[in-house]
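Encoded as structure tokens, the structure appears first; notes follow it.
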Amino acid sequence: MALHNSWDNGCVSPRQMAVNIPSCGCKGQNTCFRCEPFSSTAYEPFVRPQDAPSYVFCPLCRLAWPGWDGGSWRSHPHHEGRPLHYPGVDIVLDIISEEEERQLMSDIDAIPWDLSQSGRRKQNFGPKTNFNRRKLKMGSFKGFPEFGRRVQERLTREPVLAGYQTIEQCSLEYRANEGSCISPHIDDCWVWGERVVTLSLLSDSVLTMVKYTGGQDKYNMTYEPACRYNLPNQPHSTGSPNHEDETKMKTSVPTENGSGDVSATPNIANVISSEDSKVSNGGTSGTSIPPSTTAPSAQEPLLWHQLSRPPTVRLPMPARSLLVMQAEARYEWLHGILRSDITGRRVCLALREFTPAFMPGGEEEQLGAEVTAQAQCFFTPQTASGEVSA
């Protein structure tokens, strides 16, 4: 769920008016340790352990188990409690070696970093996009740094990424001493396709998932649902109730303040169900499962809607691991990173693919073909010192 920016429409925030502010990339209500002393906005975690039932996804058994600690999956197979079925997530551990990680970080750090929001830095390679106006153009995109070739070739060996054509590659740096985090959101549904890919480097972290129950006026969700999916033969949304059953469930599960009103502020009160919330059921090829009227057996994993309210699901992102989100996890849940889950320096490579609208037969086929052709080019980047790397 996007943050409501109270400083839009040309207004100037107190932080922007302050004198001698340390350089940062924060805008609106986003803050980091550098700018918070000069800002009227303070960081608040978008969810806390006590706000909702919480589960940690285990990459080894592919179930989420009760708990909050993002490292608790390492107790596998000695989990405790009743698990939760959480579809649409693949985590591949140690997809690269420590030596490959060191070389990759050397290549990444040789390129200049740009400031980003909430204490992050970034290196972005991809076409220029305007999500609000649904505009895409080549801009300065000329392909990816040479190290991207190695990364992309390695990742596409994984069955879950068969046929994946990277269109955007973004390096993101998180640092504990900067107060780095990222607000909960859903990646744009008009241009970025089914599989959302993250390769984690240097240190472990956690991606925190909270159920999205806002309207479809965000993230381009109103875009034709059948065109979101690049994987028409795979089942979708195997854990969601259908709209009728979901509406019945929402009327009996009020928000924390009891009003049923969902505001734009990204905390748990916004992601607990309300009567007027509309949630995608994962596309026309998905399987809708209504809430169970009987208690499942002790061995049967729960579905999220069998809980008293939507849970918080924590997806571990160990160093050198690959995370792929698709289907329900990609389209129906907000994902973000809490400040408390950045414990050192973490760098990730985020990769995105096109929706079918930009593929052969799609309405943006010609533009998609031009960008795709450019995305198959790799270049030797200029280093941070201004030299061309070897």
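Those letters in the sequence shown? Residues 212 to 601, by this note's numbering.
Note that CB positions come from ideal geometry on N, CA and C, so glycine has one too.
Do you know whose CA, among Leu-271, Ser-250 and Phe-342, lies nearest Ile-302's CA? When each option's Cα is compared against that of Ile-302, the closest is Leu-271.
Assigned secondary structure, His-546 (DSSP; H/G/I helix, E/B strand, else coil): Strand, per DSSP.
On the CB-based measure, 16 or more other CB atoms within 10 Å of its CB, does Asn-343 come out buried or exposed? exposed
Do you know how far the Cα of Pro-567 is from the Cα of Met-432? 15 Å
If you check the beta carbons only, do Leu-534 and Leu-418 fall under 8 Å apart? yes
Cut-off 7 Å between Cβ atoms - residues of its own chain near Lys-238, not counting five sequence neighbours on either side: Excluding residues within five positions, the ones whose Cβ falls inside 7 Å are Gln-328.
Let me know if Asp-428 comes out buried or exposed under the rule of 16 or more other beta-carbons within 10 Å of its beta-carbon. Asp-428 is exposed by the Cβ-count criterion.
Inter-residue CB distance, Gly-350 and Glu-379 (contact presumed, cutoff 8 Å): Not really, about 12 Å apart at Cβ, beyond 8 Å.
Output the distance between the C-alpha atoms of Pro-571 and Val-582, rounded to the nearest integer angstrom. 13 Å
Under 8 Å between the Cβ atoms of Val-421 and Trp-544? Taking the C-beta atoms as reference points, Trp-544 is found nearer than 8 Å to Val-421.
Does DSSP put Asp-325 in a helix, a strand or coil? strand
Looking at the structure shown, is His-516 part of a helix, part of a strand, or coil, going by DSSP? helix
Kindly confirm or deny that the region 314–322 and the region 365–376 touch, where touching means at least three C-beta pairs closer than 8 Å. no
Contacts around Cys-235, its chain only, beta-carbon distance under 6 Å, and the 5 residues preceding and following it disregarded: Counting only residues of its own chain and dropping the five nearest sequence neighbours on each side, Cys-235 has a CB closer than 6 Å to the CB of Cys-243, Arg-245 and Cys-246.
Rounded to whole angstroms, how far is the Cβ of Pro-294 from the Cβ of Ser-551, which I believe are closer than 8 Å? Rounded, the Cβ-Cβ distance is 24 Å, inconsistent with contact.
Let me check understanding here. Comparing Cα to Cα, which of Pro-248, Gly-299, Val-267 and Thr-591 lies closest to Ser-286? Val-267
Is Phe-589 near Arg-365, with beta carbons less than 8 Å apart? no
Starting from Phe-249 and walking both ways along the beta strand (DSSP E), at which residues does that stretch end? Annotation for Phe-249: no beta strand (DSSP E) segment contains it, and DSSP assigns it neither H nor E.
Once the 5 residues before and after Phe-355 are set aside, which same chain residues still bring their CB inside 6 Å of it? Phe-336, Gln-380 and Phe-589, listed in sequence order.
His-396 versus Arg-557: straight-line alpha-carbon distance, rounded: 20 Å
Should Val-407 and Arg-563 be called a contact, given that it needs their Cβ atoms to be closer than 8 Å? yes
Where does the unbroken alpha helix (DSSP H) through Ala-387 begin, and where does it stop? That residue, Ala-387, is in no alpha helix (DSSP H); it is neither H nor E in DSSP.
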